[in-house]
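Quick note, the sequences are listed as chains V and C, same order.
Throughout the first sequence, residue numbering follows our numbering, covering 1 to 342 in sequence.
Throughout the second sequence, residue numbering follows our numbering, covering 1001 to 1342 in sequence.
Note sheet for the following structure.
Number of protein chains: 2
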Amino acid sequence: MAGLSDRKQKILQAVVTDYIQTAEPVGSRSISRRYKLNLSAATIRNEMSDLEELGFLTQPHTSAGRIPSQQGYRFYVDALMGPPNLTRQEETYLANVFTQLQKMREIDQIIQQTAKVLSVLTSYTSLVLGPQFRHSAFKQMRLVPLDEQKALVVLITSVGHIKHRVINLPQALSSQELNQIVSYLNEQLAGQTIENLSATRLRQLRSDLYARIDLLSQVLQLLDESSADGEGRVFLGGTSNILNQPEFKDVEKIKHLLTLFEEGSRLTFVLETSSEGVSIRIGTENAITEMSDCSLITATYQLDNRPVGAIGVMGPTRMEYSRVITIIEHIASHLNFVVQDL
Amino acid sequence: MAGLSDRKQKILQAVVTDYIQTAEPVGSRSISRRYKLNLSAATIRNEMSDLEELGFLTQPHTSAGRIPSQQGYRFYVDALMGPPNLTRQEETYLANVFTQLQKMREIDQIIQQTAKVLSVLTSYTSLVLGPQFRHSAFKQMRLVPLDEQKALVVLITSVGHIKHRVINLPQALSSQELNQIVSYLNEQLAGQTIENLSATRLRQLRSDLYARIDLLSQVLQLLDESSADGEGRVFLGGTSNILNQPEFKDVEKIKHLLTLFEEGSRLTFVLETSSEGVSIRIGTENAITEMSDCSLITATYQLDNRPVGAIGVMGPTRMEYSRVITIIEHIASHLNFVVQDL
DNA sequence: CTTTAGCACTCATAAACAGAGAGTGCTAAG
DNA sequence: CTTAGCACTCTCTGTTTATGAGTGCTAAAG
Chain V
1 MAGLSDRKQK ILQAVVTDYI QTAEPVGSRS ISRRYKLNLS AATIRNEMSD LEELGFLTQP
61 HTSAGRIPSQ QGYRFYVDAL MGPPNLTRQE ETYLANVFTQ LQKMREIDQI IQQTAKVLSV
121 LTSYTSLVLG PQFRHSAFKQ MRLVPLDEQK ALVVLITSVG HIKHRVINLP QALSSQELNQ
181 IVSYLNEQLA GQTIENLSAT RLRQLRSDLY ARIDLLSQVL QLLDESSADG EGRVFLGGTS
241 NILNQPEFKD VEKIKHLLTL FEEGSRLTFV LETSSEGVSI RIGTENAITE MSDCSLITAT
301 YQLDNRPVGA IGVMGPTRME YSRVITIIEH IASHLNFVVQ DL
Chain C
1001 MAGLSDRKQK ILQAVVTDYI QTAEPVGSRS ISRRYKLNLS AATIRNEMSD LEELGFLTQP
1061 HTSAGRIPSQ QGYRFYVDAL MGPPNLTRQE ETYLANVFTQ LQKMREIDQI IQQTAKVLSV
1121 LTSYTSLVLG PQFRHSAFKQ MRLVPLDEQK ALVVLITSVG HIKHRVINLP QALSSQELNQ
1181 IVSYLNEQLA GQTIENLSAT RLRQLRSDLY ARIDLLSQVL QLLDESSADG EGRVFLGGTS
1241 NILNQPEFKD VEKIKHLLTL FEEGSRLTFV LETSSEGVSI RIGTENAITE MSDCSLITAT
1301 YQLDNRPVGA IGVMGPTRME YSRVITIIEH IASHLNFVVQ DL
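Structure follows, in structure tokens:
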């Protein structure tokens, strides 16, 4: 697998970069012309034939050029990929974006804006998973009475995520008692991460306050929902960008992807399961069948050294890997700061 | 314009219903076969020729069948459209949905679910505009201190919409002073609609509290943003449904629509400007050029007899108007109750 | 005067076909 | 081991041809 001669590597690299640019099968001739390898077309032809045998290239049909196979892209990404090539323009654009993001206060806005920026910069489709409630720490809880029977529970966590819910008040409770319950809960829950709450802790609380079950259970339900699916929302950017890719001129393919985009939960899953740091999944490495001819590059962002969310870019397997990777790295690392400040 | 002979109307109706079903130009022959008009193809041919002259039908090319023109659809919708035809299945499905919606507490969830239901039932794309903050009345405001320098402003309105924002506290303020300001604001703003606040009222408040400008301006900014674009978010459902329509097999068209879908503000505008009750806009009646071969059916929903939001369904001009209209009416009227209960 | 049958004509769509071009694989020579 | 040459393959494009649905017109029938 690793035993590719230097020359084969150079040729593979040429094929991949050429195909990434043109989206057309690349022939021996055009390589010997465009890349300074000082080899004749015939030699390259032989090498390409070998590379096909080894599984790095494929032929759409006899007597067409070669295109990289999934394995070919994998090798390219792991070993051959050139350095990023961001233009100065793009870098200043990035810098501008960062100062703008810095100013925003609402997490939703930040997430959405991030998605947009990612898609504009890369001209692929971007996915951004908002900070996950259940990874963040409980900070404070407040009860705002609305009228005789209703009150607003406000839950504040360390990622600046604020969750609220109107609940019904048992009429038997005096405002004093209410305050007691709230401050008791605040005391008990302070600093815990939401996901750690579910099991033992909540049961204990429940028995402590067994007299107030009614009220409590509503609050706990809010906690529970938050920890379950609630906040795992994925924001998309540039969904129409995929249509610019020649590999998606087929309406059926588009339909598959669009319906995938509508199923938030599956997207959430993909992003949640992405490993820490930058991860690159090519074609069928993606587990989601609809994405089997796409590549997905993701990165996580952290809060207090714990990954709380992820950003990603999806494009055809013929994707500008190095470019996207550097952009994603920049944005993810910056997002760390932005989230920290909330 | 209104002077269409009875027979012409029957034929026009036949053409429209046929075309709605088949999406193919319909010829004189198939009408005399499929519809019991007791007229020969030739007669129908003559009538159709007249209808074309009058602008109700068009021919894609000589010697093809006719398809309804925009004017044709308009006449159909205004005068010819048959009664709704919901199956019993669909009605029970609707009933189920309603009980489910009733249970939800979070406005976002309700909106999103509504969008989904609308798109599933109609198999077109649905747009739902959440309740507009600026039409709703101010109810209460709270300040939750987070730490020495920061506090959370919570704004509660009568549509059950809750808006929050972290703001910086001027250190000079004691908690007593804070409370004073808050209760003063509550007093002054109670019952006002958000949109009425902007102009004179705010200026007055600003001068009243001129000493506390720093704090106040942040709060006011929150109010302002809410009244501006903030809450006018549109949720989409079934975006992939358009791909099932044969008129959208062209990738360019799809791209135009998808990019339109990404521009939330333009969609907001369309829904905001829809007149009270059910409105039907066919083709270029839509003002948005990207939608010039689509039709949009919208309905508003109310709170306290004021329209606060809208729902809509978008499909090709060849849309099942009567079906969609009844579905939309049902859902909108139900939404009135759901919103009321929040 | 209206309706209908008959017929020639039009036009899009599909299938069949030829030619061009790009690329390969193989063979033989450097 | 490299390269030039050549025959072969396969896609793509444009052209031609056939088919069929549908129209418009004319003339006869009601």
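For every residue, glycine included, the Cβ atom is placed at its ideal position computed from N, Cα and C.
Query: Min CB distance V251(V) to chain C below 8 Å; Result: yes
Query: Coarse secondary structure for I1011(C), derived from DSSP in three states; Result: helix
Query: CB contact below 8 Å: T1239(C) versus chain V; Result: yes
Query: CA nearest to the CA of R29(V), picked from K8(V), R7(V), A64(V); Result: A64(V)
Query: CB contact check: K1036(C) to chain V, cutoff 8 Å; Result: no
Query: Residues near T239(V) by beta carbon distance below 7 Å, same chain, minus five either side; Result: T125, F261
Query: One or two residues paired with N1305(C) in a DSSP bridge; Result: N1305(C) is not bridged to any residue.
Query: Beta carbon proximity, I1254(C) to chain V, threshold 8 Å; Result: yes
Query: Contact list for I343(V) against chain C, beta-carbon separation under 7 Å; Result: It is not possible to answer for residue 343(V), since the shown part of chain V is limited to 1 through 342.
Query: Min CB distance Q1140(C) to chain V below 8 Å; Result: yes
Query: Euclidean distance between Cα positions of T1259(C) and R1281(C); Result: 21 Å
Query: Straight-line Cα distance separating I327(V) from G277(V); Result: 13 Å
Query: 3-residue-minimum beta strand (DSSP E) runs that sit fully inside the stretch 135-191 of chain V, ordered along the chain; Result: 138-145, 150-157, 162-168
Query: Interface partners of E1262(C) on chain V, CB under 7 Å; Result: T239, S240
Query: Touch test, the stretch 1279-1294 of chain C against the stretch 1161-1172 of chain C, Cβ-Cβ under 8 Å, three pairs minimum; Result: no
Query: For T1058(C): DSSP bridge partner residues; Result: I1067(C)
Query: Pair within 8 Å by beta-carbon distance, T1157(C) and K1139(C); Result: yes
Query: Bounding residues of the alpha helix (DSSP H) (the contiguous stretch that carries V268(V)); Result: For the sequence presented, residue 268(V) should be read as Thr rather than Val. Element bounds for T268(V): 264-272.
Query: Cβ neighbour criterion (16 or more within 10 Å) applied to R343(V); Result: Nothing in the structure corresponds to residue 343(V), since chain V is present only between 1 and 342.
Query: Test item: CB-CB of L1101(C) and I1107(C) under 8 Å; Result: no
Query: Test: L258(V) CB closer than 8 Å to a CB of chain C; Result: yes
Query: Stretch pair the stretch 137-156 of chain V + the stretch 1146-1155 of chain C: three plus CB contacts closer than 8 Å; Result: yes
Query: C-alpha gap between R1318(C) and Q1245(C), whole angstroms; Result: 9 Å
Query: Of the listed residues R266(V), S183(V), E52(V), L335(V), nearest to Q302(V) (C-alpha basis); Result: L335(V)
Query: S1032(C) - containing alpha helix (DSSP H), residue span; Result: 1028-1034
Query: For S274(V), the nearest candidate out of G312(V), I331(V), I67(V) (CA to CA); Result: G312(V)
Query: Delimiting residues of the alpha helix (DSSP H) encompassing T1114(C); Result: 1107-1122
Query: Residues bridged to A310(V) (per DSSP); Result: L129(V), T300(V)
Query: Cutoff 7 Å; reference R1074(C); Cβ partners in own chain excluding five residues on either side; Result: I1282
Query: C-beta neighbour in chain C for R165(V), strict 8 Å; Result: yes
Query: N-terminal and C-terminal residue of the alpha helix (DSSP H) that F1235(C) is part of; Result: That residue, F1235(C), is in no alpha helix (DSSP H); its beta strand (DSSP E) goes 1234-1237.
Query: Residue interval of the beta strand (DSSP E) (run including S279(V)); Result: 278-282
Query: Near-chain C residues of the stretch 107-118 of chain V (beta-carbon distance less than 8 Å), N- to C-terminal order; Result: none
Query: When H1330(C), P1131(C), Q1113(C), T1298(C) are compared against D1304(C), the one with the closest alpha-carbon; Result: P1131(C)
Query: P1083(C) - DSSP class collapsed to helix/strand/coil; Result: coil
Query: Partner residues on chain C for R318(V), Cβ-Cβ distance less than 9 Å; Result: None at all; the shortest Cβ gap to chain C is about 18 Å.
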